[in-house]
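Each remark here refers to the structure printed beneath this line.
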Amino acid sequence: MNSEIAAVGEDIQKIRDLDKDHVWHPFLNHNTLDENPLGVIVKADGCTVTDGEGREYLDAMAGLWCVNIGYGRKEVAEAVYRQLLELPYYPLSQINLPAARLADQLGDILPGDLDRIWFVNSGSEAVDTAIKIARAWGRTQGGRYKIIARYQGYHGGTVGGASLTGQTARRAPFEPLLPGVVHLQAPYFYRSGCSSEFDLAERLAEDLDAVIRYQGADTVAAFIAEPIIGGGGVIPPPADYLKKMREVCTRYGVLMIIDEVITGFGRTGELFASDLYGVKPDVMTMAKGLSSGYLPIGATAVTDEVFQVLNAEGEAGFQQINTYGGHPASCAAANKNLEILLEENLTQNARDVGKGLGEALAHLKDIPCVGDVRGVGLIWGVELIEENGDPLPTEGTAKVLSYVNEEGVLIGKNAGIADGPSNTLTISPPLILTEEQGATIVSAIDTGLKKFQAEG
Ligand SMILES: Cc1ncc(COP(=O)(O)O)c(C=O)c1O
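Heads up: the sequence shown runs through residues 36 to 491, numbered per our numbering.
Following this line, the structure appears as C-alpha cells:
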C-alpha cells in the first residue's frame, strides 16, 4: 500500500485494520467499532468528500466547521510547498515573512482595535493563550484572575479550554479543572421562557452585572463567549445581547474575549461575527477558517491597549513559547487561504446562499419532531423534539443523522445541552456552497426526518 496517499479502490479493510489497533478516535467507545465502523475518507474536492468505497458525500460540516474555502485548492498546496522549500521552519524568537504578512493582514481585517497577534496551532491553544493573557493582564490590575464563561459554550479540549466549556460531558471526566471559572446561562432563546429576545438579552446582561458584583469586580479578569455557540447547538444570540454584555464588561473593567474559532472568516456572512453583532472585543481567539484546515494554525489577537499593559516598563513580556507558533508553512497556507476568501468574496456568498438555505430549513418546522431552526449565514441548527416538546434522545438524533448520511450528505450533531441529550442537527458547509448544493442539504435532511418520523 502506498504509504502516503490511499487511492480510491485501495483495500479498505486493510486501512481499517491499520487504524483499528492503534488509532484512538474522539468521542468513541472503541468496542462499538465492529458494529458501527467509521468511514475511511480518502479524498475531497470542493464541497465533496469521497470514501474508500468510492461513495461521494456533500460535506455539510466543512470537516469540523473549518474548510471555509472548500477542499482541493491547489494554490494553497503550492504556496505551502514553496514555503517548505524556502524555509520549512524557524521559531518566532526571530522574524519570518509569512507570519509577519499574516499578522499584518489580520491587523487590517480584524474588528475593532485588535491588532496584535499571538500565533498558536489550534483553537484550544488560542483559548488557553487568551486565559493566560487575561490573567497576566489581571495581575497588573490588582490581581484579577476569574473568568466568566457560559453553559453550552465550547472552548476547546485543553485543560484551559475544557474549564471554560459549559458542556457537562466535556468537563465532568476531567474535574477538578481550573479554579476561578464561573458559568452563566447561555442566550438560548428557544427554551428560555422569555417572551422576547430583547428581554432575554436584558436578563442575561443583568445577570452578568450581578455575578461580577457578587464575585467582586476586582477579582474578575474576563468574560468569554462564542458569538454564536457552535458545537453546543448553534445558538445565535439575541441581536443586542453581545452589545449589552460588552457594556457590562466595560462598566467593571473586565476584558471581553470573543471566541471566533468557528464564526470567524466569513461563516456568518460577515468576516467576523463580532462585526455582525457590532461588538469590539479586547481579545479574540481564532483558528479553523484561518487556514480552512489546510494546515493547523490558530491565533489570539489583542488590542494595542492590552498589549501595551503587558509591555509596560519593567514587564518581561508574555512568558510563553510554542515551538510551532507562527510556523512558516502554516502561515503560508493561511495567507493563501485569506487571499482566496477575500478575492472570491466568500463572505458574501455565505450571506447570499445562507439566506436561501435558512428559508428552506425553516420549512422543516412543519415536521413534528422539529422544534426550532436557527442560524445565520452558513451556520445552522435544527433542534429535534419529542411529541411533548422535550429534547429528542441522542439515539433518535443519531438515527436521523444516519438517514441523512444515506442520502449522501454529511451533517453533525451538537454536544448535549447541559447533561441532556444531543438533539440538534448542525450544518456548517464550506462557504463556496452553491444554491443547488444548499437545496441538496435541505432535501436530504427533509428525507431523513420524514423517514424517522414515519417509524413513529
Ligand atoms: C468555539 C471554539 N473554540 C475553541 C475550539 C477548539 O479548537 P481546536 O479543536 O482547534 O483546538 C473549538 C473547536 O471546535 C471551538 O468550536
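Think of the CB as a built atom: it goes at the ideal place given N, C-alpha and C, for glycine as much as any other residue.
| Query | Result |
| --- | --- |
| Three-state secondary structure assigned by DSSP to Val341 | helix |
| Assigned secondary structure, Glu33 (DSSP; H/G/I helix, E/B strand, else coil) | Absent from the model: residue 33. The displayed extent of the chain is 36 to 491, so no value can be given. |
| Beta-carbon spacing of Ile263, Pro271 below 7 Å | yes |
| Residues that DSSP places opposite Trp153 in a beta bridge | Thr335 |
| With 16 other Cβ atoms within 10 Å as the buried cut-off, status of Glu88 | exposed |
| With 16 other Cβ atoms within 10 Å as the buried cut-off, status of Ser230 | exposed |
| Beta-carbon gap between Leu325 and Ala256 smaller than 7 Å | no |
| Start-end ranges of the beta strand (DSSP E) lying completely within the region 255-305, minimum 3 residues | 255-260 and 290-294 |
| Runs of beta strand (DSSP E) lying entirely within the region 36-94, each at least 3 residues, in chain order | 76-80, 83-86 and 91-94 |
| Asp242 - DSSP class collapsed to helix/strand/coil | helix |
| beta-carbon His190 near ligand 1 non-hydrogen atom, thresh 6 Å | yes |
| Nearest candidate by alpha-carbon position, reference Ile402, set Leu127, Gly491, Thr338 and Glu442 | Gly491 |
| Cβ-heavy atom distance, Val296 to ligand 1, below 6 Å | yes |
| Residue range of the beta strand (DSSP E) that includes Ala184 | Lys181 to Arg185 |
| Nearest-angstrom Cα separation, counted from Gly142 out to Ile446 | 33 Å |
| Closer than 6 Å: Ser157 CB and nearest ligand 1 heavy atom | yes |
| Same chain, Cβ closer than 7 Å to Asn37, five either side skipped, listed in chain order | Unreliable positioning characterises Asn37 in this predicted model, as indicated by a pLDDT of 49, which lies under 50. A coordinate reading is not provided. |
| Simplified DSSP state of Glu471, which is helix, strand or coil | helix |
| Member of Trp415, Asn449 and Gly416 whose CA lies at the smallest distance from the CA of Glu430 | Asn449 |
| Buried versus exposed call for Lys323 [16 or more other C-beta atoms within 10 Å across all chains shown] | buried |
| Pairwise C-alpha distance: Ser437 and Leu132 | 46 Å |
| Cβ neighbours of Leu494 in the same chain (closer than 7 Å, five flanking residues each side left out) | This structure cannot speak to residue 494, because the chain is shown only from 36 to 491. |
| Residue interval of the alpha helix (DSSP H) (run including Ile166) | Gly158 to Arg174 |
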